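Note that the numbering used here numbers the sequence shown so that position 27 is 33, with each residue one more than the last.
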Amino acid sequence: MKMIVAIVRPSKVEEIQDALGELEISGMTITEVRGHGRQRGHASIYRGREYEVSLLPKVKMEIVLPRTRLEEALATIIKTARTGEIGDGRVFVLPVEHSYNIRSGEVDVY
Numbered sequence: 007m008k009m010i011v012a013i014v015r016p017s018k019v020e021e022i023q024d025a026l027g028e029l030e031i032s033g034m035t036i037t038e039v040r041g042h043g044r045q046r047g048h049a050s051i052y053r054g055r056e057y058e059v060s061l062l063p064k065v066k067m068e069i070v071l072p073r074t075r076l077e078e079a080l081a082t083i084i085k086t087a088r089t090g091e092i093g094d095g096r097v098f099v100l101p102v103e104h105s106y107n108i109r110s111g112e113v114d115v116y
């Protein structure tokens with residue numbers, strides 16, 4: 007099993023969910039996060055004063071899936087999240103060794 011951790015623009019979350027749904031990939035955890043990479047934030051004006059916004063809103067999507075579904079899920083996320091501008095996000099792939107079902111106590115070893 008693998009875990010995909012994708013940091014994407016908030017405006018792209020529904021599109022990505024819909025695209026993954028077409029692949030019948032539905033289980034995911036979504037977290038609103040803040041951060042920056044090369045984008046480094048931007049200047050904004052509030053009540054006539056300029057201020058620097060260094061941590062931008064992003065969404066972290068975590069998806070655990072079988073290794074056999076990894077490539078198609080990655081391709082779909084990257085294609086759907088891409089705008090071509092700085093700040094589109096990052097995708098990380100992590101190994102998953104064990105999974106525990108809290109309700110039943112079952113353990114899955116991969």
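C-beta atoms are modelled at their ideal positions from N, C-alpha and C, and glycine is treated no differently.
Every value quoted in this text rests on a predicted model; they were computed, and no experiment measured them.
- Exposed is the label assigned to G27, since fewer than 16 other Cβ atoms lie within 10 Å of its Cβ.
- Contact annotation: S17 and H42 have beta-carbon atoms that are not nearer than 8 angstroms.
- No Cβ-Cβ contact shorter than 8 angstroms links G90 with R15.
- The Cβ atoms of L100 and M9 lie closer than 8 angstroms to each other.
- When rounded, the separation of the alpha-carbon atoms in H104 and V113 is 7 angstroms.
- At a Cβ-Cβ threshold of 8 angstroms, I13 and G95 count as neighbours.
- If you draw a straight line from the Cα of E56 to the Cα of R88, it comes to about 29 angstroms.
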